[in-house]
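A.B. asks: I'd like to ask some things about the structure below.
There are 2 protein chains.
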Amino acid sequence: MSLNWESQAQKGKDVLNNSIPKQWLVPVDRLPPASQKSVVEFPRSSGLLSTHELLITDMTATALVEEMGKGALTAEEVVTAFLKRAVMGHQMLNFATEFLADEALARAEELDAYYRRTGKLVGPLHGVPISVKEHISMKNRTCNTGYVAWTDKVYTEDALLLQLLSKAGAVFHVRTNQPQSLMHLCCSNNITGTTVNPYNRTLTPGGSSGGEGASMGFRCAPLGIGTDIGGSIRCPAAFCGAYGFRPSSLRNPATGIKVASSGQENIRGVVGPMSSRSIEDLELFQRAVLDQEPWDVETSLMPVPWKNVAPSREMTVAIMWDDGWVRPHPPITRALHFAREKLVAAGIKVVDWEPYKHQHGWDIISALYYPDAGAKQRQVLAQSGEPARPLTEWALSYAGNKTLSQEETWNLQEQREIFKDEYHGLMKARGVDFIISPNYPGVAAVMGESQYWNYTAIWNIVDLPSATFPSGLSVDPKLDALTELDKKYVPRDGVDEREWQKYQGPERYEGAPIGLQIAGKRYRDEETLAAAKLVEEIVSGNSKSKL
Amino acid sequence: MSLNWESQAQKGKDVLNNSIPKQWLVPVDRLPPASQKSVVEFPRSSGLLSTHELLITDMTATALVEEMGKGALTAEEVVTAFLKRAVMGHQMLNFATEFLADEALARAEELDAYYRRTGKLVGPLHGVPISVKEHISMKNRTCNTGYVAWTDKVYTEDALLLQLLSKAGAVFHVRTNQPQSLMHLCCSNNITGTTVNPYNRTLTPGGSSGGEGASMGFRCAPLGIGTDIGGSIRCPAAFCGAYGFRPSSLRNPATGIKVASSGQENIRGVVGPMSSRSIEDLELFQRAVLDQEPWDVETSLMPVPWKNVAPSREMTVAIMWDDGWVRPHPPITRALHFAREKLVAAGIKVVDWEPYKHQHGWDIISALYYPDAGAKQRQVLAQSGEPARPLTEWALSYAGNKTLSQEETWNLQEQREIFKDEYHGLMKARGVDFIISPNYPGVAAVMGESQYWNYTAIWNIVDLPSATFPSGLSVDPKLDALTELDKKYVPRDGVDEREWQKYQGPERYEGAPIGLQIAGKRYRDEETLAAAKLVEEIVSGNSKSKL
């Protein structure tokens, strides 16, 4: 145990500070006051970005690639615009762990040169800036995974996913923050501190891909990369008014993504795309990766190509109003009603989803997160002597201080498989193709309060592909006020009570967007994104921005 | 612990004895003497089966279905012929744990009635008798998995695989023996005793699917079902002059297959087909199962349909002469040379395969077989008080009496994944599509001596689909005698020495067939069987028997 974890942590801070492209820093006196909650309008209102840069940074990745393919935009101007916006965003949100400006611009120049030479794009992600969660390792760079002890750990290879994205033409311009232990639906660590939500800086951007949430919410990149073992892609997407996709397990390559419990397979984490603007961009990302057959390198992956699936109105969508354990807050319930009305009006068949043993699912997954009672994570904390943050302690408390025996682990895995098969069978028996549900009991949580994971973790345990999208609605001071009936709500148990009491009223969540989640059957990743696209279009009317 | 495990074991013996169709028992005085080693000619030489029955039982499943489809054979006569042969085989080999004569015949009648009514077959396995390893559970029947404690355990569902095969028209007529703990490459337990090899009854049929090995070798069924976590399909196939296929993991459904360490995923066992006559039948089985999309019920399976792949001579086949640890016995090396010559003569590109860290692979897999130090298996043994058999102690010794911590388990799993990806990368880098290798250091082992697993287990750890087929050769008293050079062989270590000393000379293995193994790249199951078919045709000249 180091006597001075702070000096070790400083190494991580230095990586960040030394990487910030100073030329784009907003003068401190032009930044909004710390008391200003929402900063999402700042890029436009500040006058610091040109109209052209605002146009670019409001575009989808799909549209950007299209324009670059026509020669109407260069990779250099695209990357520059997003870098500027990212630096600005970082000053207000503290979402970055390292900027990669020089490499990104050099890569953009290469891409432009290739285009000038050949008239062709390098690949389907040509010139698309992508922000990357820090624990996805990069060649010759540090990778700390949110641990002070690892601030000077350096790897010799890019993570396989980054290699593939790079071949497809993507440009990595910024790496993003994550919580200590990666096990918070929040985003704070002892290295680069706490990331805040661009819609309301008193709220968390969610986690563990919280830096990505902020990056997407502020449009520091059209696409980002998160990881998810209990909601870590979907919660930050929902909290930040963005898009996220948790693919089925064993589709996207995990080689080179660093976690404390390396080799743990009891509950599989997945890596997946986040997007600031559209479901279509999530598809673009997935197709670009899977078209390169990652299973021919990371052989545990399923050898299943990405299929082209067109959205179809011939589907049955179920709405899960409540998971039977924790009642969602009023804005969430309002958005579900809103979605239902829009879908019914559009002629989609909508039914209610009766949750099936979600508490049982949580009992399994929470026990399997830490079969070692969190020993490995505590070991890495102890290596530097850094204090465990409150939400780390919270997550570790799932383990209940008890190491599972191998037999107990096997029993839980067997239960997991039974539960997963039962859940799938239930969707078939009920004739339900997709389930729309909350991502979280509330909208973006107040900093430090995000304790209930099971609106997202349930799809991890049953391994359903699931996408998060904005409903188009935000918290409304009038519509979301507690009614007399709400005030009389008698919680089912202590957990329900704890979560319900966090609401208090819409004021606490001023300006927060309301995200929804849609899950499809296992391995129907393509169908799930296709349905998400149609549902989002119907619900929020989002038709994307194009030049 | 029961004071009388023998009376508990008797329950398993009773299941068997009560099930034997007495009308087909060969009178004791017509059986060959116990001293007669080979009994494979007995069905023909004894005069106890009609010419028609001999014809039927010499046919492949594919040919049988074809004939039933033409109305040239009825399911009833097919099932009857195989039942008779199975009863005869059991008397000489002790391979069965339960006969299912009444149900099989009733099912055959149903199938015939269906055919008479519609002129159609029920499915691709219409009327095909399949022998089934005992631990694949059957509705309302006991399933002991080789443990005395479980002799009266009854399940309420057929294993998912059996449900699918049954829908495809298969008829289950006999259940087959397995060793205590399922972890011997041999076949003896304290319930129904020891199964012997039809080619030489002083030898083991292999294991753990040893009852299946004997069943295939004696042609008690055209198809059988085995399971394999380290060679348990391929060894008995090789030892008994038959065919076996270990598919990639997560393709065939495992629901309802009973093992002591249920829920264990550290090393995945697989279930797969065995065949008495042909590679083609292994394909028939795989297609019949996967065409029913088992992943829509057992959701962990890969949603990958069975592809039609035609054999192609445009392939590079490597020959692994030796795994770098244990030198194969002379007959095996002779068969590899024979195969090489035939393949080269047929214009196939053949290279040598330099093994890659096979001992490292064994270190990983053998540790991961028993992360609980075998506690669970000992627990089930203790439940009845039955003594552990010598090869059970041998297998449990892999665990080294040490329970792995969760972190140690994760580390090994991480190493497993790295090794698997490296091995796959090596095949690509070397331009090798398939690897032909031994299944075992020798031909069928002398009873109790089968200790070295790594010619098959290596493909379990790197998860390559692999098929076993007969080379067409058998042990030859002259060709396989130890040369002066052989006698001077200096083993690499104690393991190599132990295995080499088991050879002694061809006399010890009189009549034993020599099997070979072919492995393909991960998930290229279809390509592997297609290549196996072509290779076998070239090497052994087997063109199958048809009516």
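Protein chains in written order, with UniProt numbering: chain F, 1 to 547; chain B, 1 to 547.
Glycine included, each C-beta is placed from N, C-alpha and C at the ideal position.
All values reported here derive from a predicted model rather than from experimental measurement.
Would you kindly work out how many angstroms separate the C-alpha atoms of B:Ala346 and B:Pro438, rounded to a whole number?
C.D. replies: Straight-line Cα distance between these residues: approximately 21 angstroms.
A.B. asks: For chain B, check one thing: does any of its Cβ atoms lie closer than 7 angstroms to the Cβ of F:Asn411?
C.D. replies: By this cut-off, F:Asn411 is an interface position.
A.B. asks: If you drop the 5 nearest sequence neighbours on each side, which residues of the same chain put their C-beta closer than 8 angstroms to that of B:Thr227?
C.D. replies: Lys133, His135, Ile136, Leu182, Ser208, Ser209, Ile233, Ile257, Gly269, Val270, Val271, Gly272, listed in sequence order.
A.B. asks: Inspect the beta-carbon positions of F:Thr202 and F:Lys37 and report whether they are closer than 7 angstroms.
C.D. replies: yes
A.B. asks: For F:Asn252, does the count of other Cβ atoms within 10 angstroms reach 16, so buried, or fall short, so exposed?
C.D. replies: buried
A.B. asks: With a threshold of 7 angstroms on Cβ separation, who are the neighbours of B:Asn401 within its own chain once the five nearest residues in sequence on each side are excluded?
C.D. replies: Ala373
A.B. asks: Can the beta-carbon of B:Met216 be found less than 7 angstroms from the beta-carbon of B:Met274?
C.D. replies: yes
A.B. asks: Residues of the segment 265-295 of chain B in Cβ contact with chain F at a cutoff of 8 angstroms, in chain order, please.
C.D. replies: Glu265, Trp295
A.B. asks: With 7 angstroms set as the bound, which would you pick, yes or no: does the beta-carbon of B:Tyr523 sit closer than that to a beta-carbon of chain F?
C.D. replies: Residue-level contact check: B:Tyr523 touches chain F, since one or more beta carbons of chain F fall below 7 angstroms from its beta carbon.
A.B. asks: Considering only the alpha carbon of each residue, which of F:Glu386, F:Thr299, F:Gly324 lies closest to B:Glu417?
C.D. replies: F:Thr299
A.B. asks: Once you ignore the five residues that flank F:Glu98 on each side, which residues in its own chain have a CB closer than 6 angstroms to its CB?
C.D. replies: Excluding residues within five positions, the ones whose Cβ falls inside 6 angstroms are Val15, Leu16, Ser19, Arg175.
A.B. asks: Which one of F:Glu293, F:Arg334, F:Val297, F:Val344 has the shortest CA to CA distance from F:Met315?
C.D. replies: F:Val344
A.B. asks: Sorry if obvious, but does the Cβ on F:Ala170 come closer than 6 angstroms to a heavy atom of the ligand PLP?
C.D. replies: Absent from the structure shown: the ligand PLP. Ligands present: none.
A.B. asks: Which complete beta strand (DSSP E) runs does the segment 252-323 of chain B hold, if anything under 3 residues is left out?
C.D. replies: 270-275, 316-319
A.B. asks: When DSSP labels each residue in this structure, what does F:Asp352 get in the three-state scheme?
C.D. replies: strand
A.B. asks: What are the residues in the segment 386-410 of chain B lying within 8 angstroms of chain F by C-beta distance?
C.D. replies: Thr403, Leu404, Ser405, Gln406, Glu407, Thr409, Trp410
A.B. asks: Who are the near neighbours of F:Pro305 in its chain, counting only those whose CB is closer than 8 angstroms to its CB and skipping five residues on each side?
C.D. replies: Leu290, Asp291, Glu293
A.B. asks: For F:Pro303, which residues in chain B fall below 7 angstroms Cβ to Cβ?
C.D. replies: Val304, Tyr523
A.B. asks: Taking all protein chains shown into account, decide if F:His52 is buried (16 or more other Cβ within 10 angstroms of its Cβ) or exposed.
C.D. replies: With fewer than 16 Cβ atoms within 10 Å of its Cβ, F:His52 is classed as exposed.
A.B. asks: Inspect the beta-carbon positions of F:Val79 and F:His126 and report whether they are closer than 7 angstroms.
C.D. replies: no
A.B. asks: Under 7 angstroms between the Cβ atoms of B:Phe434 and B:Val350?
C.D. replies: no
A.B. asks: List the residues that DSSP assigns as beta-bridge partners of B:Tyr243.
C.D. replies: B:Ser275
A.B. asks: Would B:Asp463 pass as a contact of B:Ser248 if the rule is Cβ separation under 7 angstroms?
C.D. replies: yes
A.B. asks: Output yes or no for whether 7 angstroms exceeds the beta carbon distance between F:Val148 and F:Trp5.
C.D. replies: In terms of Cβ geometry, F:Val148 and F:Trp5 form a close pair [threshold 7 angstroms].
A.B. asks: Could you check the C-alpha separation between B:His424 and B:Glu76 for me, to the nearest Å?
C.D. replies: 46 angstroms
A.B. asks: By Cβ distance below 6 angstroms, which residues in the same chain neighbour B:Pro331 in space, the five residues on each side in sequence not counted?
C.D. replies: The residues are Val443, Val475, Asp480, Ile514.
A.B. asks: When we look at the beta-carbon of F:Ser545 and count the other beta-carbons within 10 Å, is it buried (16 or more) or exposed?
C.D. replies: For F:Ser545, the predicted structure reports a pLDDT of 37, less than 50, and the residue's modelled location is therefore unreliable. The matter cannot be settled from this model.
A.B. asks: For B:Ser261 and chain F, any beta-carbon pair shorter than 7 angstroms?
C.D. replies: yes
A.B. asks: Just list the beta strand (DSSP E) runs in the segment 10-60 of chain B, keeping only unbroken ones of 3 residues or longer that don't cross its boundaries, in chain order.
C.D. replies: none
A.B. asks: Using DSSP with H/G/I as helix, E/B as strand and the rest coil, what is B:Tyr369?
C.D. replies: helix
A.B. asks: Please give the ranges of any alpha helix (DSSP H) in the segment 141-194 of chain F, keeping only runs that are unbroken, at least 4 residues long and fully inside the region.
C.D. replies: 160-167
A.B. asks: Count the other CB atoms within 10 Å of the CB of F:Ser131; is the residue buried (16 or more) or exposed (fewer)?
C.D. replies: Under this definition F:Ser131 is a buried residue.
A.B. asks: Hey, how far is the Cα of F:Gly541 from the Cα of F:Ala237?
C.D. replies: Distance between the alpha carbons of F:Gly541 and F:Ala237 is about 18 angstroms.
A.B. asks: Below 7 angstroms CB to CB, which residues in the same chain sit around F:Gly69 once its five sequence neighbours on both sides are set aside?
C.D. replies: Contacts found: Leu121.
A.B. asks: I'd like to know whether the C-beta of B:Asp372 is nearer than 7 angstroms to at least one C-beta of chain F.
C.D. replies: yes
A.B. asks: Output yes if chain B places a C-beta closer than 7 angstroms to the C-beta of F:Glu103; else output no.
C.D. replies: no
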